[in-house]
Amino acid sequence: MALVANEQKIRVLVAKPGLDGHDRGAKVIARALRDAGMEVIYTGLRQTPEMVVSAALQEDVDVIGLSILSGAHNAIVPRVADLLKQNKMDDVLLLVGGIIPDQDIEGLKKSGVAAIFQPGTAMDDIVKFIREHVKPRGVPAV
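So for the sequence shown, my numbering puts the first residue at 13; every next one is plus one.
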């Protein structure tokens, strides 16, 4: 898909917050998003919520994708969402992937998560969701 001259690529930050040491899934997602034409920044393992939001701010991303397998999502995700609000980054789409029990999904969405992708989600579904929900840059607020 060719970009129009003034159209920018969607910028996605993929992060592994917490003490989870397994990042194969995050790397697979990062590659799929890159192959779909997005710019992807991967932060690496063991990121704090502060490090994730700082990197997102510095990289001027449209999307933050958190990959969490450790079970710490109920502590990490609300902190990231709060830091996004504090930094007036309300236009950044917050996504979570990994091992997230069904009973935790509603609470995470209430904290500011746009979508949660559990194991087995098709890459095309993630790409489609991002493309449909990222707000275009440079469009003035009404």
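Beta carbons are placed, not taken as given, at the ideal position from N, Cα and C, and that holds for glycine.
Helix, strand or coil at residue i [DSSP, three-state]
| i | result |
| --- | --- |
| residue 127 | strand |
| residue 119 | helix |
| residue 158 | Within the shown structure, residues of the chain are numbered from 13 to 154, placing residue 158 beyond reach of any answer. |
| residue 108 | strand |
| residue 134 | coil |
| residue 99 | coil |
Distance, residue j Cα to residue i Cα
| i | j | result |
| --- | --- | --- |
| residue 148 | residue 89 | 24 Å |
| residue 112 | residue 92 | 16 Å |
| residue 46 | residue 52 | 6 Å |
| residue 78 | residue 20 | 23 Å |
| residue 40 | residue 101 | 26 Å |
8 Å contact criterion, which residue i and residue j should meet: CB distance rounded
| i | j | result |
| --- | --- | --- |
| residue 76 | residue 106 | 5 Å |
| residue 99 | residue 65 | 6 Å |
| residue 24 | residue 38 | Not really, about 11 Å apart at Cβ, beyond 8 Å. |
Chain-order list of residues whose beta-carbon lies under 8 Å from that of residue i (same chain, five-residue window excluded)
| i | result |
| --- | --- |
| residue 125 | 89, 93, 106, 107, 108 |
Same chain, Cβ closer than 7 Å to residue i, neighbours up to 5 away in sequence not counted
| i | result |
| --- | --- |
| residue 62 | 95 |
| residue 117 | 128 |
6 Å Cβ shell around residue i - same chain, five flanking residues per side excluded
| i | result |
| --- | --- |
| residue 30 | 82, 84, 88 |
Q: Report the residue ranges of all beta strand (DSSP E) runs contained in full by the stretch 19-82; include only those spanning at least 3 residues, in chain order.
A: 23-27, 51-54, 75-80
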